[in-house]
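Student: Structure incoming, see below.
Residue numbers (the working numbering), protein chains in the order written: chain E, 184 to 505; chain A, 85 to 420; chain U, 93 to 513.
Put into structure tokens, the structure is as follows:
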């Protein structure tokens, strides 16, 4: 592990922030204080953070309906996100977008996406722009296992390959396309094997381990910046929560989630690795935990008390002819 | 008659039609649910629970879980229909019709015509629509005007449990492709539903209530909003005809025009933005056919020309409401 | 352990869940639990599931019993640390408000008390408006048409329908209505004045008024008018008139004299004696002079035909004949259609000078003012002379400025010399 102490602390802080953010939403949504359709990222934090720690603010990402983790990892303001989730006037998207449409152009976050497979074509376009800009920028799309069955995703990977674009396709295989097993809906042996068919350099990796994610991405992104064309990764991961909040998850095996939480929790794995290696102490990590818990609590309290948008906002930010 | 929910009425219809005709097949994302998972199939029965129990009864050959591939689902249904099956495909949210558009607009809709009447495409594309659940811009739309505008497609929009059954039965037995819009907020709506075979013909409006002063035309969830608004005004002696066309294509023009000729006033309520909408379509019909009967300008109550916003306050501002409808009825009846 | 009071509420599972049944409490009051411990069993129409603790705490109070159905958000129980007092817990329960998770809109019936009254309600003037009695059952008529039929006393059974499925429209009723009533009805309806505080009566347009309006608007809009003004010296003419009238009972008017002089001038200036058409200017041999006559019904312009070949006496009697016919509405179309030049005289009404609108397809009209006395200075003495100011309106499409001016010059000379009188 070649990460500096500050980098390790930053990575842990980001993962923990995502975890606490999602756990908070899980509780509040069950109470009915937050509306809408919300898809939580809990369990997959190592991927968002391991990927984004290798990206610059000027690089682009596109995300999915399960996008909070990607947003936080790419640098979106947590308070602004919280307010967005609560539907507040000064939310990151003025309360207009909500969970599935969090975006922040300032940090290269081109939007969560309500359409499965909506992001990869957009990242391909952003990669084209980055290539034309010629500053070594890259564009990266996050997608789930479900997205690899959408036609536009295939079309855009082919386009990236023929145009030799600096675009990276990250597939987070959490074993479920919504409520249906990924093994059933994906015909090929793996997502990676079908992406290779486009002549795109593709890697399969363990998404439970932050360090593996980080290392794989470091190499791929560096190659991509040098003009070697698109690449792709399929990460194995798990989802601690349902497809959406309220999903009773009765399609999952008995103790499947419990088992994942015990043995495949990327935050726990990170903690044990860094403490065992003596890189960070439990006290260091507890301190971060407390700071993060405090951040989420404060931002939630602020969000709950923040003013709602005024109704006139419905017709701003859009061309209205009458 | 049996008391049941809108959702149960749809489920019952699918069971009946699958039993009646072995060519009827059901396909879509999570329509079985849990296929390929540790918990095993039949865990979900559709995200909104409409296709529950079908897999256990009719098996994997006829109740087919599909990948998240909307264009593929629509196209597979269209092709199977062209080859003699009667597929009932589910697109989880009608917003995703965006992904299916080629298969619907250029393929399914046009087979019968392009092929000189020698082919039929008896598919049904069931989908959910409508705002009101804070599902934001990509899960709240009502794209029925878009598909209504395509010749060759039929479009049904049940507003009651009974119509859910009657219209879905008709849709499945119809030889043309039917886009079947189920309103997300109506699944729990209870109502009396006729037992056994029950068909509601396409192009035959439901006269929800009768009155003298104003005609209200609405579909789906907006019908109950109109009823609420009209009820609030009945104390003032203002009474309304409320007409639910049930299908926007074909459209029961006579029911609408007869009513406008009686009342002299027309308000069309729809939860889409206003431009090129169903509301604009009905307003134009009345303006051109029964202009001389009108005592007041035709009004539409629709969303603004904007996407559907997330925040509850914004979504409320976006949507028509009983209060907004009541205000427009008053303006129209008091017009002079 | 959390010190705060935490509510246990009916969870929301699935986007359309409105209520759930608490089938079993899995812990008792006073039980301390840790995150992840099962607390209650909740059943919906789709599933039955355990609710697990999200925090470490103690169940201080079961607010509801097992086996009841409760709305999403309903308070089921209270978690709090042991040092929280019962009073604090009771206060929490009393002030708890469940979030609104339903998708139901506000009912319009409840608006009077909860939302501001819409502005339109103030404009309630016609909610008590008396609607006309209903049309007969067997008559298919639009509501507006029925109102109009009542207003115009039209027997709807005699109206020929033109609408959809044999329906009588407003137009059908209007067609069958008495024209005068219809005009009055439409006048009332369309006049802005009817909205004003100033009482008004509606005066129906006569067909003559409509023709005048149409022709004059057309003239002003299509013919580019320009105006030439000159004072005619009429001392000699007036002397002649006095002597003519002295031994004749049929008095010759100033107007008759002006007509005669104009006719004489037109003979010398055929370029003024014309009509304009799209393809050509028609130049006429004879001066057919239209003379404006004001009648009670409106302005009409009977024609003194071939005035150049008539004596002033003949002109005078023809003018009298036409004027009488005009006042008794008996002019034949041949009496007023055509003409090559017009004269309008308002001198007898004290007008000094004015401009007139050309009467197309003619290209000029002479506006004649009243007799005036003009004072000039000659060798330190005041010299008085009689003049009449005339203004000729010319259609510039056919007549240029100098052409018109030369005509007026000729006319001045003829008048001054009383030529041909």
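Ideal Cβ placement from N, Cα and C applies to all residues, glycine included.
All figures in this text were calculated on a predicted structure; none of them were measured in a lab.
What number of angstroms, rounded off, separates the C-alpha of residue 158 of chain A from the C-alpha of residue 172 of chain A?
Tutor: Cα to Cα, residue 158 of chain A sits roughly 10 angstroms from residue 172 of chain A.
Student: May I ask you to list, following chain order, the residues of the region 221-241 of chain U that have a beta carbon less than 7 angstroms from some beta carbon of chain A?
Tutor: From the region 221-241 of chain U, only 234, 235, 236 and 237 have a Cβ closer than 7 angstroms to chain A.
Student: Does residue 469 of chain E come out as helix, strand or coil in the three-state DSSP assignment?
Tutor: Residue 469 of chain E falls in the helix class under three-state DSSP.
Student: For the region 217-250 of chain A, list every residue whose C-beta sits within 8 angstroms of some C-beta in chain E, in sequence order.
Tutor: Residues 217, 218, 219, 220, 221, 222 and 223.
Student: Is it true that the CB of residue 339 of chain A sits closer than 9 angstroms to the CB of residue 371 of chain A?
Tutor: Taking 9 angstroms as the Cβ cut-off, residue 371 of chain A and residue 339 of chain A do not qualify as a contacting pair.
Student: Quick one: using the 10 Å Cβ neighbour count with 16 as the cut-off for buried, is residue 364 of chain U buried or exposed?
Tutor: It counts as buried.
Student: Hey, would you say residue 404 of chain A sits closer than 9 angstroms to residue 325 of chain A, going by beta carbons?
Tutor: No, Cβ-Cβ distance for residue 404 of chain A and residue 325 of chain A is not below 9 angstroms.
Student: So, for residue 302 of chain A: in the same chain, excluding its five sequence neighbours on each side, which residues have a beta-carbon less than 6 angstroms away from its beta-carbon?
Tutor: Contacts found: 310 and 353.
Student: Is the beta carbon of residue 140 of chain A sitting closer than 9 angstroms to the one on residue 127 of chain A?
Tutor: Taking 9 angstroms as the Cβ cut-off, residue 140 of chain A and residue 127 of chain A do not qualify as a contacting pair.
Student: Please confirm whether residue 307 of chain U and residue 452 of chain U have their CB atoms less than 9 angstroms apart.
Tutor: Yes. Within cutoff.
Student: Can you look up residue 365 of chain A in the DSSP assignment and give me helix, strand or coil?
Tutor: Three-state DSSP puts residue 365 of chain A in a helix.
Student: If we ignore side chains and look at the alpha-carbon of each, how far apart do residue 507 of chain E and residue 419 of chain E end up?
Tutor: The requested residue 507 of chain E is not part of the displayed model; chain E covers only 184 to 505.
Student: Could you give the DSSP three-state label for residue 235 of chain E: helix, strand or coil?
Tutor: Looking at residue 235 of chain E - three-state DSSP - the assignment turns out to be helix.
Student: Going by C-alpha distance, which of E:392, E:215, E:265 and E:362 is nearest residue 432 of chain E?
Tutor: Measuring from the Cα of residue 432 of chain E, the nearest candidate turns out to be E:362.
Student: Is the beta carbon of residue 442 of chain U closer than 9 angstroms to that of residue 393 of chain U?
Tutor: No, these two residues do not count as a Cβ contact at 9 angstroms.
Student: Per DSSP, residue 117 of chain U is paired with what?
Tutor: For residue 117 of chain U, which the question treats as bridged, DSSP gives the partners U:132.
Student: Is the region 257-268 of chain U in contact with the region 231-246 of chain U, if contact means three or more CB pairs nearer than 8 angstroms?
Tutor: The region 257-268 of chain U, when compared against the region 231-246 of chain U, does touch it at the 8 angstroms Cβ threshold.
Student: Leaving out five residues on either side along the sequence, give the residues of the same chain with a beta carbon under 6 angstroms from the beta carbon of residue 120 of chain U.
Tutor: Cβ within range, chain order: n/a, list empty.
Student: Determine the chain U residues that contact residue 315 of chain A at a beta-carbon separation under 7 angstroms, and present them in chain order.
Tutor: Under the 7 angstroms cutoff, chain U gives 201.
Student: With a threshold of 9 angstroms between beta carbons, is residue 183 of chain A in contact with chain E?
Tutor: Closer than 9 angstroms to some Cβ of chain E, the Cβ of residue 183 of chain A qualifies, so yes.
Student: Excluding five sequence neighbours on each side, which residues of the same chain lie with their C-beta closer than 7 angstroms to the C-beta of residue 365 of chain E?
Tutor: 328, 356, 358 and 359.
Student: What does DSSP give as the partner residue(s) for residue 161 of chain A in the beta ladder?
Tutor: According to DSSP, which records beta bridges pairwise, residue 161 of chain A is partnered with nothing at all.
Student: Just to confirm the assignment: which complete beta strand (DSSP E) runs, minimum length 3, are found wholly within the region 164-203 of chain A?
Tutor: The qualifying runs are 170-175.
Student: What is the residue span of the beta strand (DSSP E) that residue 111 of chain A lies within?
Tutor: Counting along the chain, the beta strand (DSSP E) containing residue 111 of chain A begins and ends at 108-112.
Student: I'd like the list of long-range same chain contacts for residue 382 of chain E, defined as Cβ closer than 7 angstroms, with 5 residues on each side in sequence excluded.
Tutor: If we look at residue 382 of chain E and ignore the five residues flanking it on each side, its Cβ neighbours are 344.
Student: Between which two residues does the beta strand (DSSP E) harbouring residue 87 of chain A extend?
Tutor: Taken as a continuous stretch (DSSP letters only), the beta strand (DSSP E) holding residue 87 of chain A covers 86-89.
Student: Are residue 472 of chain U and residue 439 of chain U touching if we call contact CB-CB under 9 angstroms?
Tutor: Their beta carbons are not under 9 angstroms apart, which means residue 472 of chain U does not touch residue 439 of chain U by this criterion.
Student: Against chain E, does residue 396 of chain A count as a neighbour if the rule is that its beta carbon must be under 9 angstroms from one of theirs?
Tutor: Yes, its Cβ sits closer than 9 angstroms to a Cβ of chain E.
Student: Nearest-angstrom Cα distance between residue 366 of chain A and residue 385 of chain A?
Tutor: Residue 366 of chain A and residue 385 of chain A: Cα-Cα distance of roughly 12 angstroms.
Student: Among the candidates U:415, U:376 and U:235, whose CA atom is the shortest distance from the CA of residue 390 of chain U?
Tutor: Answer by Cα proximity: U:415.
Student: What residue from A:321, A:377 and A:360 has the CA that sits closest to residue 341 of chain A's CA?
Tutor: Considering only alpha carbons, the answer is A:377.
Student: Could you please give the first and the last residue of the uninterrupted beta strand (DSSP E) stretch that includes residue 228 of chain U?
Tutor: Where residue 228 of chain U is concerned, there is no enclosing beta strand (DSSP E), given that its DSSP letter is neither H nor E.
Student: How many angstroms separate the CA atom of residue 275 of chain U from the CA atom of residue 294 of chain U?
Tutor: If I take the Cα positions, the gap works out to 9 angstroms.
Student: What's the call for residue 360 of chain A, buried or exposed, on a 16-neighbour Cβ count within 10 Å?
Tutor: Residue 360 of chain A should be labelled exposed.
Student: Which one of U:337, U:454 and U:157 has the shortest CA to CA distance from residue 349 of chain U?
Tutor: Checked all of U:337, U:454 and U:157; the closest Cα to residue 349 of chain U is U:337.
Student: State the Cα-Cα distance for the pair residue 216 of chain E and residue 191 of chain U, rounded to the nearest angstrom.
Tutor: Those two C-alpha atoms are separated by around 6 angstroms.
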